[in-house]
Structure formats: structure tokens, C-alpha cells
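Some notes on the structure that comes next.
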Amino acid sequence: MQGLEDIAALPVVTPRLHEVGYSREGLEKVTSGNFLKLMRAAQAALERQACRSDAASAIPDRLRSAVRCST
């Protein structure tokens, strides 16, 4: 999804949803623990994939700084 390439984009999600009409109750549901768990899992999967030498070249330059390889 454009604009949500990694977990760093989360701070802009809530204000944008409010702008388009989500209620406070609706925003609380969207930003609940399950959503955050999903985004963290997606980030972790990106990092695992990116740390493989054959996959490293496929990482877009704009996302390289978000990937933390421990190998």
C-alpha cells in the first residue's frame, strides 16, 4: 500500500483517517494491538528477507535504512 511501506509510516495513519471521517471509537479499533502486531510482523518479515544475500539487491533504496540485518 502506497505510503505504508514500513512501520515508520504509522504516525501519519491516525491523523489521515481522522481527516477522512473516522470517529474516535473507529480509530481506537484500527490502532488496537492487533493492527500494531501485524505491522511489526510485516517489518520483521521484511528484515528477514532483506538479510538474505540474494534478496538484499531487491530492497528499494528508500527502504534500505529501515532494514536492520544482524548478520
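Once you know that position 2 of the sequence shown is 2 in the working numbering, the rest is easy, because the numbers rise by one and skip nothing.
Here a beta-carbon is modelled for each residue, glycine too, at the ideal position from N, C-alpha and C.
1) Give me the Cα-Cα distance between Leu-63 and Ala-41, rounded to the nearest whole angstrom.
2) Report the rounded CA-to-CA distance for Glu-5 versus Glu-28, giving the unit in angstroms.
3) Does DSSP put Asp-61 in a helix, a strand or coil?
4) Please report how far the alpha carbon of Glu-19 lies from the alpha carbon of Ser-65, in whole angstroms.
5) Less than 8 Å separating the beta-carbons of Met-39 and Leu-10?
On the basis of the coordinates in this document:
1) Roughly 16 Å between the two C-alpha positions.
2) Distance between Glu-5 and Glu-28, taken at the CA atoms: about 22 Å.
3) Asp-61: helix per DSSP, three-state reduction.
4) Using only the alpha carbons, I get a separation of about 29 Å.
5) Yes, these two residues count as a Cβ contact at 8 Å.
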